[in-house]
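To get this note's numbering, take the position in the sequence shown, counting from 1, and add 13.
Working notes, beginning with the structure itself.
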Amino acid sequence: MTSSANRRFLLPFILTTGACLVLLAAPAQAHKIKIFAAVEGPAVSGYVYFPGGGRARDTAIEILDPNGNKIGETKTNDAGEFSFQPRYKCDHVLVCSTPDGHQAQWTVGADELPEELPPLHASQPGADPLPPPDATAAPGPPQSETPGASATPAEIEQAVADAVAKEIAPLRAQVTKLRQELERYRGQIRLHDVLGGIGYILGLAGLIAYLHTRRMRNPRAGHDMP
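Structure representation (structure tokens):
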């Protein structure tokens, strides 16, 4: 094979290889799924999305306890968002999946949930769908606007808890926003890693093609001694 014929063969080969790698990587990224959730007042809210952008609509989400038992379920709306009101103070593992088998999960820690929720015991039944966040919640203990000497210990404790919650609410919102940004950044980094790997492979292929073409031009170069 002549040098010119070799070049005509190698260039389409490199371009075809690169195109195949890009086409193989794109569906893998498109079908991957991610989930994010955070506590907002008495409810847990979040969304399901794809790393390359876009939200996953009408996606079922299973809610599991720390032992893997199903304690509820929910579903994303047309905007890819979901919300539910937890009934127990325990870790909630949110699991979503796509029809082609990709799966993602997110854990909402028990320490993030409201203190008034009851603990989850081993005898608690599971699999009942959780009520929507706008469901009527059980009324809490009466609050005293200005607890004084006549206030009960429970009223004083509730007033302090309300004051603390009000003070840390802005901080909680900032932390939630930072967690959202971190999740988006992680998805972008993974995509960049894939594209960088493809570029590295194409660079090696180009270097090999160059060295091979140079050798074909001067077949004695590898055998001549200085």
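Note that beta-carbon positions come from the ideal geometry of N, C-alpha and C, so glycine has one too.
- Thinking just about the alpha-carbon of each residue, which of T111, K88, Q116 and Y101 is nearest to the one in G122? Y101
- Item | Buried versus exposed, by CB contacts within 10 Å (16 or more), G54 | By the 10 Å Cβ count, G54 comes out exposed.
- Item | Whole-angstrom distance between G212 and F97, CA atom to CA atom | 43 Å
- Does DSSP put L133 in a helix, a strand or coil? coil
- Item | Which residues DSSP lists as bridging H105, in chain order | V121
- Task: Could you tell me whether the Cβ atoms of S110 and A50 are closer together than 9 Å?
- Result: Going by C-beta atoms, S110 is not nearer than 9 Å to A50.
- Item | Assigned secondary structure, G74 (DSSP; H/G/I helix, E/B strand, else coil) | For clarity, residue 74 is Ile in the given sequence; the question names Gly instead. I74 falls in the strand class under three-state DSSP.
- Are the Cβ atoms of I76 and L133 separated by less than 9 Å? no
- Task: Output the boundary residues of the beta strand (DSSP E) element that contains E94.
- Result: E94 to F97
- Message: Residues in the same chain with beta-carbon distance under 8 Å from Q116, minus the five sequence neighbours each way, listed in chain order, please.
- Response: I46, V108, C109 and S110
- Message: Out of G209, G81 and S58, which one is the CA nearest neighbour of K88?
- Response: S58
- Query: Which residues does DSSP pair with G85 in a beta bridge?
  - Reply: Its beta-bridge partners are I76.
- Query: Apart from the five residues on each side of it in sequence, which residues of its chain come closer than 6 Å, Cβ to Cβ, to E94?
  - Reply: Y60
- Report back the beta-carbon spacing between P79 and C103 to the nearest angstrom; my notes put them in contact at under 8 Å. 6 Å
- Buried versus exposed call for Y223 [16 or more other C-beta atoms within 10 Å across all chains shown]: exposed
- Message: Just to check my reading of the structure: R68 and Y62 have Cβ atoms closer than 8 Å, yes? What is that Cβ distance to the nearest angstrom?
- Response: 5 Å
- Output the distance between the C-alpha atoms of L220 and Q118, rounded to the nearest integer angstrom. 42 Å
- Nearest candidate by alpha-carbon position, reference A56, set L215, E125, A167 and I214: E125
- Task: Would you decide whether I48 is buried or exposed? Buried here means 16 or more other CB atoms lie within 10 Å of its CB.
- Result: Classified as buried, I48 has 16 or more neighbouring CB atoms from the shown chains inside 10 Å of its CB.
- Message: For G161 and P131, what's the separation of their Cα atoms in angstroms?
- Response: Because G161 carries a pLDDT of 49, less than 50, the predicted location of this residue cannot be relied on, and the following value inherits that uncertainty. Between G161 and P131, the C-alpha separation is close to 29 Å.
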